[in-house]
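Asker: The opening residue of the sequence shown carries number 0 in numbering that gives the first Met the number 0; numbering runs sequentially from there.
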Amino acid sequence: MSKQVPRILLTGGAGYIGSHTFVKLRQAGIEPVILDNFANSHPAVIERLARITGAPVCLERGDVLDRAFVEDVLRRHAPAGVIHLAGDKAVGESVAHPLKYFRGNIAGAISLLEAMEAVYLPVGPLGPPTLVFSSTATVYGDAGTGPIAEDFPRRHSNPYGHTKLVIEDMLEAVQAARPEWRIGVLRYFNPVGAHPSALIGEDPTGTPNNLMPYLTQVAIGRRSHLRIFGGDYPTPDGTGVRDYIHIEDLADGHVAALRTLQRTGESFTVNLGTGRGYSVLEVVNAFVDATGCPVPYRIVERRPGDVAQCYADPSRAMQLLGWEAKRTLEQMCADAWRWQSRNPQGYASGMASAASSQATEKENGLLVIG
Ligand SMILES: NC(=O)c1ccc[n+]([C@@H]2O[C@H](COP(=O)([O-])OP(=O)(O)OC[C@H]3O[C@@H](n4cnc5c(N)ncnc54)[C@H](O)[C@@H]3O)[C@@H](O)[C@H]2O)c1
C-alpha cells in the first residue's frame, strides 16, 4: 500500500492547473500548501478552493525566484514533496520577451532546486527530495505523424519550449549528481475544461493563446468569431490536430505521479495525454453539440511555429503510474462552457458578484467576511 503523504508544496497552485491539482490532492488525503505570487492568477481562486474542499487553504504568497523565501517555506511546512507549476507559459510572449522566460522559468527552477537541496540533503527525517515538474509536449517540436512517445527526440521552436527543455536537462544532471532525488517529469499535452462545480477554471489574461478559452469567449459574446490558424495542414479536415485532455484527468495525473515517486523511489518522465488527436473543427463541432451555442469561425493563415498534429502515446503513464485519461471531449466542452457561462469575466465576475452581495449584506446590517 502506498504511504500517505501528509503535506505537499504546490508552487503555482493558484493557476489553472494548480487549482485543479489542489482539489485532487486534498481529495486524496494530501494537504497542499500553495506558493504563488498571483503574477498570472486571481486571489479569488483561494476562496473558491476553500469552498470546493470545505476547509481553509494554506497560502504562502511570494515569488519562487526568492530562494530564501522558498527555503523558509520548506522548513516551516516540511512537505514530503513539491509539485512545481509556477512559471510563465505563453509561447508568443516568450518570443517577444525571451529574457522574462529564461529568468522566470529557469532561474525559478534553480531557486527551488537549491532550496530543496538545502532542506532535504543529506537525507534526514523529511525523506529524500521529491519533485513533480510540469513540462510540456512543446519539447517534442514537430514530431511528424503518429503518436509521440517519451523517447522521441526533443527540440525547441520558441523560448518557452526552450526553457522547459533546459529545466528537464537540469533535472537530469541534478539526479545524476545526487541519486537521492526522486523526480517525476510530466509532459502535458493540451489541458482544457474546468472543475464540474464551475467554481474554478481557466481564466487567461488578455487574448487567450489556446483554442478552448478562445472558443468559450466567442460563445459568451466577448469575441466576435474564432480564428482558426491554417486550413491546409495534411490532416483529415486541414486544421491542426491536438491531444486535448480534461484538466481533471491531468490533475489526477499529479496525484498518481506523487504516489508513484513515494512508492517506488524511481524517477520518471511521462506524457499526460489521452492518446487521441482531435482537429480544431472537430473540437468546434463537439462544443456546438455539447452546449448548443453557435461558434462563428474563420479560417486564416497558419501561425508560425504551429505543427500539423501532436498527440501522445500515453502508454508509459499507464504502465508506471497506473493512470489514464478517462473524460471525453464532450465533457471537456461541457465543463469549459459551464465555467465560462457562470463566470463570463472569469474570476473578476466572481469578485463583482461577491462585492455586490457583500454590499447587500451590509445594507441588511450583516457583513460576512471569509
Ligand atoms: N496550460 C497549459 O496548456 C500547459 C501546457 C503544458 C505545460 N504547462 C505548464 O504548467 C504550469 C502551470 O500552467 P498553468 O496553465 O496552470 O499556468 P498559470 O499561469 O495558470 O499558472 C501558473 C501559476 O504560477 C504563478 N507564478 C508564475 N510565476 C511565479 C513566480 N515567479 N513565483 C510564484 N508564482 C508564480 C502564477 O501566478 C500562476 O498562478 C506552467 O509551468 C506551464 O508552463 C501548461
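C-beta: ideal position from N, C-alpha, C; glycine also.
Taking PRO124 as the reference, which of PRO78, GLN26, VAL94, ALA136 has the closest Cα?
Answerer: PRO78
Asker: Applying the criterion that 16 or more other CB atoms from any shown protein chain within 10 Å of the CB defines a buried residue, is LYS88 buried or exposed?
Answerer: buried
Asker: Residues in its own chain within less than 6 Å of ILE219 by CB, not counting five upstream and five downstream?
Answerer: GLN339, PRO343
Asker: Using a Cβ-Cβ cut-off of 8 Å (strictly less than) and excluding sequence neighbours within five positions of ILE147, which residues of its own chain qualify?
Answerer: ALA136, TYR139, ASN270, CYS309, TYR310, ALA311, ASP312
Asker: In angstroms, rounded to a whole number, what distance separates the CA positions of GLY239 and ARG221?
Answerer: Straight-line spacing of the CA atoms in GLY239 and ARG221 works out to 24 Å.
Asker: Give a yes or no on whether the C-beta atoms belonging to ARG75 and SER134 are separated by under 8 Å.
Answerer: no
Asker: How about TRP336 and ALA289: are their beta carbons less than 8 Å apart?
Answerer: Yes, these two residues count as a Cβ contact at 8 Å.
Asker: What does the alpha-carbon distance come out to for the pair ALA172 and ASP251?
Answerer: 28 Å
Asker: Consult DSSP for GLY14 and reduce its assignment to one of helix, strand or coil.
Answerer: In this structure, GLY14 counts as coil in the three-state DSSP scheme.
Asker: Applying the criterion that 16 or more other CB atoms from any shown protein chain within 10 Å of the CB defines a buried residue, is HIS224 buried or exposed?
Answerer: Note on HIS224: under 16 other CB atoms within 10 angstroms of its CB, so exposed under the neighbour-count rule.
Asker: When the Cα atoms are used, what is the spatial distance from LEU8 to VAL217?
Answerer: 36 Å
Asker: Measuring only from the beta carbon, is VAL269 closer than 7 Å to any heavy atom that is part of ligand 1?
Answerer: no
Asker: Could you pull out every residue in the same chain whose Cβ sits closer than 6 Å to the Cβ of MET0, ignoring the five residues on either side in sequence?
Answerer: Because MET0 sits at a pLDDT of 43, beneath the cut-off of 50, its placement in the model cannot be relied upon, and the point is left open.
Asker: Tell me whether ASP71 sits in a helix, a strand or coil according to DSSP, three-state version.
Answerer: helix
Asker: Relative to the alpha-carbon of ALA67, which residue among ILE109, THR20, VAL90 has its alpha-carbon at the smallest distance?
Answerer: Closest option to ALA67, Cα to Cα, is ILE109.
Asker: Using 10 angstroms around the beta-carbon of HIS19, count the other beta-carbons present and answer buried if the total reaches 16, otherwise exposed.
Answerer: Classification for HIS19: buried.
Asker: Could you check the C-alpha separation between PHE286 and CYS332 for me, to the nearest Å?
Answerer: 5 Å
Asker: Which residue from ASP71, SER40, ASN36, TYR243 puts its Cα closest to that of VAL188?
Answerer: Checking the displayed sequence, the identity of residue 188 turns out to be Phe instead of Val. The shortest Cα separation from PHE188 among ASP71, SER40, ASN36, TYR243 belongs to TYR243.
Asker: Please tell me whether, using a cut-off of 7 Å, the distance from the CB of PRO97 to the nearest non-hydrogen atom of ligand 1 is below it.
Answerer: Checking the Cβ of PRO97 against ligand 1 gives no.
Asker: State the beta-bridge partners of GLN308 as determined by DSSP.
Answerer: VAL240
Asker: Is THR183 near ligand 1, going by C-beta to nearest heavy atom under 7 Å?
Answerer: The residue asked about is misnamed: residue 183 is Gly in this sequence, not Thr. No; taking the cut-off as 7 Å, the Cβ of GLY183 has no heavy atom of ligand 1 nearer than that.
Asker: Where does LEU257 fall in DSSP's three states?
Answerer: Here DSSP, grouped into helix, strand and coil, assigns LEU257 to helix.
Asker: What span of residues does the alpha helix (DSSP H) with PHE286 cover, start to end?
Answerer: 279-290
Asker: Drop a sphere of 10 angstroms on the beta-carbon of THR144, count the other beta-carbons inside from all chains shown, and report buried for 16 or more, exposed for fewer.
Answerer: exposed
Asker: In whole angstroms, what separates the C-alpha of ARG326 from that of HIS245?
Answerer: Distance between the alpha carbons of ARG326 and HIS245: 6 Å.
Asker: Quick one, which of VAL283, MET115, GLY86, GLY91 has its alpha-carbon nearest PRO104's?
Answerer: Residue 104 is actually Asn in this sequence, not Pro. ASN104 has its Cα closest to that of GLY86, out of VAL283, MET115, GLY86, GLY91.
Asker: Hey, would you say LEU249 sits closer than 8 Å to ARG181, going by beta carbons?
Answerer: no
Asker: Is THR206 close to ligand 1? I mean its beta-carbon at under 7 Å from any heavy atom of the ligand.
Answerer: Because no heavy atom of ligand 1 lies under 7 Å away, the Cβ of THR206 does not count as near it: no.
Asker: Which same chain residues end up closer than 6 Å to CYS57 when comparing Cβ atoms and leaving out the 5 residues on each side of it in sequence?
Answerer: Only VAL32 meet the Cβ criterion.
Asker: By how many angstroms is the C-alpha of LEU84 removed from the C-alpha of ILE16?
Answerer: 8 Å
Asker: Could you name the residues that DSSP lists as bridge partners for VAL191?
Answerer: HIS245
Asker: CA-CA distance, PRO5 and ALA316?
Answerer: 24 Å
Asker: Would a C-beta distance cut-off of 8 Å place SER278 and ASP236 closer than the cut-off?
Answerer: yes
Asker: Below 8 Å CB to CB, which residues in the same chain sit around VAL22 once its five sequence neighbours on both sides are set aside?
Answerer: LEU48, ILE51, THR52, HIS194, ILE199, ALA250
Asker: Does any heavy atom of ligand 1 sit closer than 7 Å to the C-beta of TYR139?
Answerer: no
Asker: Please return the same chain residues whose Cβ sits closer than 6 Å to the Cβ of LYS163, not counting the five positions on each side in sequence.
Answerer: SER134, THR135, VAL138
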